[in-house]
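Some notes on the structure that comes next.
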Amino acid sequence: MMQRYFVEGKIPGNKIVSITGDDAKHIAKVMRQSAGDQLLVVMEKKAFLAEIRSAEFDVEVELKGEIEAKTEMPKKVTIACGLPKGDKLELVTQKGTELGMYALMPFAAERSIVKWDSSKNDKKIARLQKIAKEAAEQSHRTHIPVIHKIHMFTQLMEAVQSFDAVVVAYEEEARRDVPTRFADILKSLYDKSSILLVFGPEGGISENEVSRLKEAGALFTSLGPRILRAETAPLYALSAFSYEYE
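The working numbering puts the sequence shown at residues -5 to 240.
Below, the structure written as structure tokens:
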């Protein structure tokens, strides 16, 4: 199976494209490809078969034919994830990308135990973006999920307004006599395009956050009778979206 590489910018009229940086090194040094070899290039969310013209410092390729790809989720699902401990966000980024996530929006929740050092934020976000890019290449996507900078809860509430629907995974919902089933929520979203799924950190979302989200019109749902870990819940939800819509 051919390796694919994402290239930024507009598709040039002459169909000649330069691949630079780590990707160029990967092609020439790791894959040991040279002039005449073929690979896949993704530009403007379109996949192309491309032929290498030269592979010295940068790799120059010519786009040949567009390849029809139906690898994107029909819904643009953004995951808003309360900052979890350790490297759990890396797992959510990688596996979420494989499962069709459109974007990731980490946010500092009231019950987030971990606090990111602001001086390291950019470096951590850049690492997550690199993980998303590599996972998008591996899973043959045509879109690399955008990793947003960390949002404060007030910023998350501002972002809520730009989505067609907001769904909050809330473990207390499972304890109600008649909990809202996630399957029913999914069936109600067929006419929605952009969806924000909100997940709390290890300690869940606070009553204040619940209240603010309810005021904004968010839908609250149980993800079943079992309590899922902070890193498991988003992946469960994305899998359910894929099952319902794909």
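Ideal Cβ placement from N, Cα and C applies to all residues, glycine included.
Inter-residue Cα distance where the pair is residue i and residue j
| i | j | result |
| --- | --- | --- |
| Glu2 | Asp17 | 12 Å |
| Thr226 | Glu131 | 23 Å |
| Ser106 | Leu77 | 6 Å |
| Gly289 | Val162 | Outside the shown range of the chain, which is -5 to 240, sits residue 289, and nothing can be said about it. |
| Ser188 | Val160 | 9 Å |
| Val53 | Phe42 | 16 Å |
| Phe101 | Met146 | 6 Å |
| Met(-4) | Met67 | 22 Å |
| Arg26 | Lys181 | 48 Å |
| Tyr(-1) | Ala210 | 40 Å |
| Thr215 | Arg47 | 53 Å |
| Asn202 | Leu213 | 16 Å |
| Ile13 | Pro219 | 49 Å |
| Asp158 | Gly30 | 46 Å |
| Lys186 | Val108 | 33 Å |
Beta bridge counterpart(s) of residue i as assigned by DSSP
| i | result |
| --- | --- |
| Thr72 | Ala97, Leu190 |
| Lys40 | Met37 |
| Leu180 | In DSSP, Leu180 forms no bridge with anything. |
| Leu57 | Ala44 |
Reduced DSSP secondary structure (H/G/I, E/B, other) of residue i
| i | result |
| --- | --- |
| Tyr230 | helix |
| Gln32 | strand |
| Tyr164 | coil |
| Phe147 | helix |
| Val24 | helix |
| Val108 | coil |
| Ile141 | strand |
Beta-carbon gap between residue i and residue j smaller than 8 Å
| i | j | result |
| --- | --- | --- |
| Glu196 | Lys79 | yes |
| Leu154 | Leu190 | Correcting the residue identity first, residue 154 is Val in this sequence and not Leu. Cβ atoms of Val154 and Leu190: closer than 8 Å. |
| Gln32 | Ala44 | yes |
| Ile221 | Glu166 | no |
| Thr136 | Val36 | yes |
| Tyr239 | Lys69 | yes |
| Lys9 | Leu85 | no |
| Leu150 | Met99 | yes |
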